[in-house]
Amino acid sequence: MERLLPLLVAIPLGGGFLCPVLGKFARNRCWVELLAVLVMALLLALSVGQLVAVDTFAYWVGGWKGGDNPIGISLVSDGLAQLVVLTVNLVGLLAVVFSTSYMRRFTGPGLYYGLFLLMVAGMNAVVIAGDLFNVYVFLEVAAIASYALVAFGTESEELEASFKYLVLGGISSVVILFGIGLLYNLTGQLNLSEIAVALGAMAGDAAAVRVVWFAAGLLLAGFGLKAAMVPFHAWLPDAHPSAPAPISAMLSGVLIKAIGVYVMARLLLNVLPPSAAAGYAVMALGTASMVVGGLLAVGQSDLKRLLAYSSISQVGYVVLALGLAAVLKVRAPGETLVIGLALFGGLFHLVNHAVFKSLLFLCSGAVEQATGTRRMADLGGLAGRMPVTGLCLRVAAMSIIGVPPFSGFWSKVIIVVALAMAGYWTLAVVAVAVSVLTLLMFAKVQRDVLDGEPSACVRDARKAPVAMSLAMVVLAALCLGIGLAVPAFKRHLADPAVTALRAGQGGTPTYPERFRPPVSAERPLAREEVRP
Amino acid sequence: MTGIAACHLSLGAGRAAGLLPYAVALGLLVIGLYAIVAKKNLIKIIVGLLIADYAVNLFLILTGYRPGTEGHAGAPILTDGAQAARTAFLRNTTDPLPQALILTSIVIGLGIVALVVSLAVRLYEKYGTFDVTDIRKLRG
Amino acid sequence: MTQGRHSGLSSVVKDITRIVAAFIMLFGIYIVLYGHLTPGGGFTGGVILAAGVVLVVLAFGRDFSQRLSLTERAASFCDSAGALGFLVVALLGYTVNTFFMARFIHAQAPFRLFSAPAILLANLAIGAKVAAALFGVFLAMAVWRPGPREGRLS
Amino acid sequence: MDFVSIELLVLLAFMAIGSLVAVEVRDLLSSIICVGAVGFALAMVFLFLGAPDLAITQVVVEILALVILLRVVLTREDRTHETPKDTLTVAGTALVLGGLVAAGVFVMAGMNPVGEPLFGTEGRSAPAHVSAVGTAPPSVEAVTAEQFGPPAGRTAAEQYVAQGLEKTGASNYVMGILLDFRAYDTLGEATVIFVSIIGAYAVLRKVGRLRPGQGGGVT
Chain A
1 MERLLPLLVA IPLGGGFLCP VLGKFARNRC WVELLAVLVM ALLLALSVGQ LVAVDTFAYW
61 VGGWKGGDNP IGISLVSDGL AQLVVLTVNL VGLLAVVFST SYMRRFTGPG LYYGLFLLMV
121 AGMNAVVIAG DLFNVYVFLE VAAIASYALV AFGTESEELE ASFKYLVLGG ISSVVILFGI
181 GLLYNLTGQL NLSEIAVALG AMAGDAAAVR VVWFAAGLLL AGFGLKAAMV PFHAWLPDAH
241 PSAPAPISAM LSGVLIKAIG VYVMARLLLN VLPPSAAAGY AVMALGTASM VVGGLLAVGQ
301 SDLKRLLAYS SISQVGYVVL ALGLAAVLKV RAPGETLVIG LALFGGLFHL VNHAVFKSLL
361 FLCSGAVEQA TGTRRMADLG GLAGRMPVTG LCLRVAAMSI IGVPPFSGFW SKVIIVVALA
421 MAGYWTLAVV AVAVSVLTLL MFAKVQRDVL DGEPSACVRD ARKAPVAMSL AMVVLAALCL
481 GIGLAVPAFK RHLADPAVTA LRAGQGGTPT YPERFRPPVS AERPLAREEV RP
Chain B
1001 MTGIAACHLS LGAGRAAGLL PYAVALGLLV IGLYAIVAKK NLIKIIVGLL IADYAVNLFL
1061 ILTGYRPGTE GHAGAPILTD GAQAARTAFL RNTTDPLPQA LILTSIVIGL GIVALVVSLA
1121 VRLYEKYGTF DVTDIRKLRG
Chain C
2001 MTQGRHSGLS SVVKDITRIV AAFIMLFGIY IVLYGHLTPG GGFTGGVILA AGVVLVVLAF
2061 GRDFSQRLSL TERAASFCDS AGALGFLVVA LLGYTVNTFF MARFIHAQAP FRLFSAPAIL
2121 LANLAIGAKV AAALFGVFLA MAVWRPGPRE GRLS
Chain D
3001 MDFVSIELLV LLAFMAIGSL VAVEVRDLLS SIICVGAVGF ALAMVFLFLG APDLAITQVV
3061 VEILALVILL RVVLTREDRT HETPKDTLTV AGTALVLGGL VAAGVFVMAG MNPVGEPLFG
3121 TEGRSAPAHV SAVGTAPPSV EAVTAEQFGP PAGRTAAEQY VAQGLEKTGA SNYVMGILLD
3181 FRAYDTLGEA TVIFVSIIGA YAVLRKVGRL RPGQGGGVT
C-alpha cells in the first residue's frame, strides 16, 4: 500500500488528461462520466486503503533520498493526511455522481470532468506533500482548476465571480511564494521537516527569527486567503454560489480546507517554531470568521449565498480550535487533554463541515434545477414536492445547527468544551452564540424553502434524478452515522490525525524526526543508492 | 578581479547594500498588489498580476545569486568535463535550485495569465468594456 | 488582418514565413532536444514551437491551416497526449524499481544527446504538450475570436 | 563580499520605474508595453545573475504574453472612463501595503544578503583549499566531497550541485533538478499549464448552458 501513495495523484492526473480528449472524440458524454466516476471510486478505495493499511511514513519520489539530507521531494502519509485525503475523495466521488445528472444542462463535459479530476489531483497532492514548493505547485493546480470551474456556466455573473476569485487567489499565490522564498533564503531547504529542523536551530538568532515570523505572516495570510478567513474572505461569497452546485460543494466542502486550513494547520503546528503569538493570531482569524460570517449569512436571501457565508463561519470554528491548540502547546504544554480535545474538535468539525456543507450545496443544486431559482422568497413547500431532497436538506441543516444526534453537535460541543477548559470563557460563549445564529439562518431556510404552501415555481418541480438523490442520501446518512459513531470515528480516524498535529509538545517539533529520511536502510522504501 | 568584477561597488556599510535588491523586489510586489487592489480596469489588474509575478521571481533569483570567486555569477551549466573546469564550476556556480523553482513559477504565471485573459475577453464580450465599475454587479 | 482572416496575409508575408517558420521550428526542436545540455528545455522549446505554428496560421489563414489540420481539435489532442506522455514517463519508474518518477534508464556518459535519456523523454513530452497547449489557446482566444463562429458543443 | 553591482542596480531601478509607469499610465497599450519592458529587464537580470535558462524562458514567455495581451487590447475599444478612485480604498490599500514594506524592510536585516546565500558558503570561504585540491584531482567524487563537505546539514542545493551530473547525466543542472530530482514538481507544472489551457477553453465556450429552446444558439 505504501508504494501506491503517489497513485493518489497520478490516477486523477491521468483521468484529467484523458477527459478533454474523450469529451471531444466520444459520441456520448456517458463515457466521460463513466471515466470520472471510475477514477473517483478508485481514489476513494485507495484512500481507504491508505488509512487501513499504512502507518505514518514518508515516500521519496524517484528514490532521491540522499544521505542524511533530502534531495528529492517527499510525500508524507500520516494520520492527518489520510483523514483529509479520505474526506476529499469521499466528497469528490459523491460530487461526481451528482454531476452525472446535474451537469447534463451544461456543455463541455470533457472539460468539466477534466478540470474536476485535476482539481482533486491538486488537493490530494497538497495534502500528501512533504515539500513546501510542491505544496505551492499543486495548490496552483487545484486553485486554477477551481477558477475555471467557477466560471463554467460562462454567464456574466459567473465570469465576474471567477475573475475576482482568480485575482485574489493570484495575490495569495504570490504572497505564499514570497514566503517560501524567504524561508529558502534562511534555511536553504524546501523539505518541510528539514525547514522545521533548521528553523528550530535558528531560535537564538533574533534577527533571523524576525524574518521567520515575517515569512510566517505571509504564508498564513496567503493560506488564510485560500481558506477565506475573514479579512480575506471577499471572494468566497461570490465564487462559491456562482459555481455549478457540485463544484460549490467541492469548493466549500473540501477545497478551502485542503489547500487552506490543512496547510495552515500543518505549518502552524508542525513546521513553524512553536509560538503563542501565531496561535493567538490564528485564533483571532478564526473568531472573526466565525462571527462575521455568521452575521452576514443571516441577512442573505439567496440560498447558495447564505450557505457560502455560513461556510466562512463554520470554517472559523475549525481554525479557532486549531489556533487554540497552537496556543496551548506553548502556554500549557502539560494540558495534553485540552490540547487533544481542541485538535480533535477542530478536525472533527472539519470533516463534519465537509460532509454537511457539501450536502447542503448539493441540495441547493437539486432545488435550483427543479425550480429554476435560488431566491428563498420564491421557494416554499418543497418538502412535499421533493421529499428526498427535503429530508436531506433537513438532516444537513440539523447537523450544521448542532441538533444532538447529528455529527455537527458533537464537534461543536467539543470545541466549546475545549475553549472553556482552556479558560477562554468569552470565546466559548461566542462560539455558542454563533451556533444560535446558525440556528436562526437555517430555521429561515427550513421555513422559506421546505415548509409552507408550494409557491409558483415549486408547483411543477419534479423529484431529483436518481444519481443526485443517491449522492445526497449517502451524505445525509454520513451526517447521522458519524454522529452516532463518534467513539469509533475518534479511535480510527481522528486520533491518528490528532497525534500527527500534537507533535511538537514542549517546544521541539517531532514532525521532522518522524519524516526525516530513515538513517538505517531497513525499510524497503529506503533504497540504497545503486546508481554508478 | 577583472571585467565585470571591476564594476562592483561596495556600497555603504556591510549588509545594507546586499539587502537593497530584496527591498526592490518587495517594492515591486507591493506595486503589483496596489495595481490589483486599487485599479479599476481589468487589463490593469492583469498588469498588476504580472508585476507581482516578476517581483517574486526576482526575489527568488536574488536569493540564489552568489558572485563566485571570479566576481561574476556562473550559470549552473557544466560545459567541460575536465577536472579543473569542474572545480572552477563548483566554485562559481550560482544556486540552481531557485532557478528550477523560478522556471516552474514562470510557467504557472503564464498559465494564470492565459486563464485571466480569457476571462477578461469573455467579460468584454458581455459588457463591452474593461472597466470594473461598469461590470461589478455582484455585491459582497 | 481583417480581410485576410480566412486566406491569410499578403504574399510577401507568406514568402517570408515560408523561410522563417521552418527555422523557428527547427530552433524550437533543438531547444527541446538539448535541454539537458544547454539552456532551455521542453517548456521553452515548446513555446518557440507554438510561436512558429502560430506564425504559419496567421500568415496563411484559416483555410490553409485547416488543410494542415492545425485546428483546436488537433491541438487539444496533442496537449492531452503530451501530458499523458509525461505522466507515463513518470509512471515508467514503477516498471523498474517501483518508484514513481525514478530514472528507468540509467544516466549515460555526460555531454551527449542521450546522456540523460529520461530527461530527454520528459522534455519531448513537455515540448509537445506546451506547444500544442499554447497554440490551442492562441487559436481559441486571440486569432478567430472577434470573427463570427458557430456555437461549438464539444 | 557584499558586492551588488551597478548594472544590477540600474536594471532594478529600471524595473521599478517601468512597473510604476505601467500601473499609472492612462493608456492600456502603453501599460502593456511598459510591463513588457519590465519583463525583458527581468530577463536581463536573470542573464546577469547566472541564469540563462530563465532568461530564455522569460523572453519567450514574455513575447507570448505580450502578443496575447496586445491582440486583446488592440482589437477592443477601451472605453474606460476616468472614474474617480475611491479614496478610502486607495488609502487603505496604501496603508496596508506600506505596512508590508515597512515590516519587510525592518526584518530584512536577518536575511542572508544578496550574493551571500547559504549555498556554497564552504567553497567560497576556503578558496585556497579548493584550488589545492583542484591541482591534483584524485577523482570527481572526492573533489565534490571536499568541496561541499559532508552532506549532512548542508543546503539541499549543494547536494544537487555535488551529485547532479553523475546522478542525472544532465550537464545543465537546472534541467537535472527540474526533470529528475524534482521532476514531480515539473509534473505539477505541466499540469498547471494543462489546467489553465482547458480552463481557458471552458471559459471561452460560446454556449455554457443548454436551456430548453436554446439548443445550439449563440449567447
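Chains as they are written, first to last, in this note's numbering: chain A, 1 to 532; chain B, 1001 to 1140; chain C, 2001 to 2154; chain D, 3001 to 3219. Virtual Cβ for every residue (Gly too), placed ideally from N, Cα, C.
Contacts that residue i makes with chain C (C-beta to C-beta distance below 7 angstroms)
{"i": "residue 1035/B", "result": "Residues of chain C passing the Cβ test: none, with the nearest at roughly 22 angstroms."}
Chain-ordered neighbours of residue i on chain A, where CB pairs are closer than 8 angstroms
{"i": "residue 1130/B", "result": "Going along chain A, no residue has its Cβ under 8 angstroms from residue 1130/B, so there is no contact; the nearest lies around 11 angstroms."}
{"i": "residue 2073/C", "result": "24"}
Rounded distance between the beta-carbons of residue j and residue i, thought under 8 angstroms
{"i": "residue 356/A", "j": "residue 494/A", "result": "Between residue 494/A and residue 356/A the Cβ distance is about 17 angstroms, and since that is not below 8 angstroms, they are no contact."}
{"i": "residue 219/A", "j": "residue 267/A", "result": "6 angstroms"}
{"i": "residue 150/A", "j": "residue 239/A", "result": "5 angstroms"}
{"i": "residue 2046/C", "j": "residue 2032/C", "result": "7 angstroms"}
{"i": "residue 146/A", "j": "residue 43/A", "result": "The pair is not a contact, with the Cβ atoms about 18 angstroms apart (cut-off 8 angstroms)."}
{"i": "residue 2124/C", "j": "residue 2042/C", "result": "7 angstroms"}
{"i": "residue 3168/D", "j": "residue 2122/C", "result": "Actually they are not in contact, since the Cβ atoms of residue 3168/D and residue 2122/C sit about 11 angstroms apart, beyond 8 angstroms."}
Selected residue, minimal CA-CA separation from residue i, among the options
{"i": "residue 2048/C", "options": "2141/C, 2135/C and 2094/C", "result": "2135/C"}
{"i": "residue 117/A", "options": "148/A, 40/A and 173/A", "result": "40/A"}
{"i": "residue 185/A", "options": "1088/B, 1056/B and 1117/B", "result": "1056/B"}
{"i": "residue 372/A", "options": "461/A, 352/A, 312/A and 329/A", "result": "461/A"}
{"i": "residue 225/A", "options": "170/A, 243/A and 201/A", "result": "170/A"}
{"i": "residue 222/A", "options": "76/A, 243/A, 282/A and 417/A", "result": "282/A"}
{"i": "residue 2077/C", "options": "3173/D, 3197/D, 3204/D and 3014/D", "result": "3197/D"}
{"i": "residue 20/A", "options": "3200/D, 3209/D and 3210/D", "result": "3200/D"}
{"i": "residue 3018/D", "options": "3026/D, 3033/D, 3009/D and 3203/D", "result": "3033/D"}
{"i": "residue 315/A", "options": "438/A, 273/A, 243/A and 301/A", "result": "438/A"}
{"i": "residue 3074/D", "options": "1114/B, 1076/B, 1043/B and 1059/B", "result": "1043/B"}
{"i": "residue 258/A", "options": "136/A, 46/A and 470/A", "result": "136/A"}
{"i": "residue 3174/D", "options": "1074/B, 1135/B and 1134/B", "result": "1074/B"}
{"i": "residue 499/A", "options": "362/A, 342/A and 18/A", "result": "342/A"}
{"i": "residue 1025/B", "options": "1059/B, 1086/B, 1039/B and 1106/B", "result": "1059/B"}
Cα-Cα separation between residue i and residue j, rounded to whole angstroms
{"i": "residue 3047/D", "j": "residue 261/A", "result": "39 angstroms"}
{"i": "residue 104/A", "j": "residue 1027/B", "result": "48 angstroms"}
{"i": "residue 3152/D", "j": "residue 308/A", "result": "Confidence in residue 3152/D is poor, its pLDDT being 42 and thus under 50, which makes the residue's placement too unreliable to answer from."}
{"i": "residue 228/A", "j": "residue 139/A", "result": "15 angstroms"}
{"i": "residue 335/A", "j": "residue 328/A", "result": "8 angstroms"}
{"i": "residue 984/B", "j": "residue 1049/B", "result": "With chain B running from 1001 to 1140 in the structure shown, residue 984/B is simply not present."}
{"i": "residue 286/A", "j": "residue 320/A", "result": "4 angstroms"}
{"i": "residue 129/A", "j": "residue 2044/C", "result": "27 angstroms"}
{"i": "residue 98/A", "j": "residue 249/A", "result": "10 angstroms"}
{"i": "residue 30/A", "j": "residue 22/A", "result": "10 angstroms"}
{"i": "residue 1031/B", "j": "residue 3103/D", "result": "16 angstroms"}
{"i": "residue 162/A", "j": "residue 1131/B", "result": "16 angstroms"}
{"i": "residue 429/A", "j": "residue 483/A", "result": "23 angstroms"}
{"i": "residue 3145/D", "j": "residue 194/A", "result": "The predicted position of residue 3145/D is uncertain, since its pLDDT is 40 and thus under 50; a value taken from the coordinates is nonetheless stated next. Rounded to the nearest angstrom, the two C-alpha atoms are 21 angstroms apart."}
{"i": "residue 157/A", "j": "residue 199/A", "result": "45 angstroms"}
{"i": "residue 210/A", "j": "residue 176/A", "result": "17 angstroms"}
{"i": "residue 2037/C", "j": "residue 1105/B", "result": "22 angstroms"}
{"i": "residue 92/A", "j": "residue 382/A", "result": "27 angstroms"}
Contact set between residue i and chain A, taken where Cβ atoms lie within less than 7 angstroms
{"i": "residue 2083/C", "result": "17"}
Under 9 angstroms by beta carbon: chain D residues contacting residue i
{"i": "residue 439/A", "result": "None at all; the shortest Cβ gap to chain D is about 35 angstroms."}
Within chain C, the residues that residue i reaches when beta carbons sit closer than 8 angstroms
{"i": "residue 3178/D", "result": "2041"}
8 angstroms Cβ cut-off: residues of chain D touching residue i
{"i": "residue 2115/C", "result": "3169, 3170 and 3171"}
{"i": "residue 2024/C", "result": "The contacting residues do not exist; residue 2024/C stays about 11 angstroms from chain D at best."}
Chain B contact residues for residue i, given Cβ-Cβ distances below 7 angstroms
{"i": "residue 3196/D", "result": "1111, 1112, 1114 and 1115"}
Residues in the stretch 3044-3060 of chain D having any Cβ partner in chain E nearer than 8 angstroms
Going by chain labels, chain E is absent from the structure shown, which instead holds the protein chains A, B, C and D.
Enumerate, from N- to C-terminal direction, the unbroken alpha helix (DSSP H) stretches of 4 or more residues contained entirely within the stretch 1093-1138 of chain B.
Complete alpha helix (DSSP H) runs here, min 4: 1096-1127 and 1132-1135.
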